[in-house]
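Reviewing the structure listed below.
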Amino acid sequence: MRSGTCTVPPFHGAGSPSQPGGQVAHRRIEPLKKVLAMDPSDEVAWFGLGKAYMEDANFAEAITALESCIRVKPTYSAAYLALAQSLQKSGRIERCREVCQQGIAISTQNGDAMVTKNLELLTQSLG
95 MRSGTCTVPP
105 FHGAGSPSQP
115 GGQVAHRRIE
125 PLKKVLAMDP
135 SDEVAWFGLG
145 KAYMEDANFA
155 EAITALESCI
165 RVKPTYSAAY
175 LALAQSLQKS
185 GRIERCREVC
195 QQGIAISTQN
205 GDAMVTKNLE
215 LLTQSLG
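For the sequence shown, the numbering used here assigns the number 95 to the initial residue and increments by one for each residue that follows.
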């Protein structure tokens, strides 16, 4: 476990029990934040937090969590895809393109063919 401060973003999600996934995602957020408070180098927890925020359509917080995941483990292929998707949903298209290209390089190197294919499809959809 690395020592240091943990900057886990607060929950400001758009999800609610009436929205699809909102209640389930919200229930996952607090436990993940507790894990990260104990171990901010847990890339799986950062990824899970990012995906939970995505399910809540809280893409700003998802981006922050997924960027933290990649900082902790730069070879985490799936984090690049989730980050690119969140950036696209946030309208940050140029940054999305950059992350897609980085993710394609990483996922190809890792042999993650499905992630590579999905990043290529996302890149093509950007025009």
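All residues carry an ideal CB built from backbone N, CA and C; glycine is no exception. Note that the structure is predicted; figures quoted are calculated from it, not measured.
Same chain, Cβ closer than 7 angstroms to residue i, neighbours up to 5 away in sequence not counted
i	result
Cys163	Glu137, Trp140, Phe141, Gly144, Tyr170, Ala173
6 angstroms CB neighbourhood of residue i in its chain, flanking five on each side removed
i	result
Thr210	Ile198, Ser201, Thr202
Ala156	Gly144, Tyr147, Met148, Ser180
DSSP three-state assignment for residue i, whether helix, strand or coil
i	result
Asn152	coil
Leu216	helix
Gly205	coil
Pro125	helix
Arg189	helix
Lys167	coil
Gly144	helix
Gly221	coil
Ser184	coil
Ser162	helix
Buried or exposed (CB count within 10 angstroms, at least 16 for buried), residue i
i	result
Met148	buried
Gln182	buried
Pro111	Residue confidence is low: Pro111 scores 40 on pLDDT, short of 50, so the model does not pin down where it sits. No coordinate-derived value is stated.
Leu216	buried
Asp133	exposed
Ile123	buried
Leu177	buried
Leu213	buried
Leu160	buried
Minimum Cβ-Cβ distance from residue i to chain B less than 8 angstroms
i	result
Lys211	The question asks about chain B, but that chain is absent: this structure has only one protein chain.
Own chain residues within Cβ distance below 8 angstroms of residue i, not counting five before or after
i	result
Asn204	Thr169, Ser171
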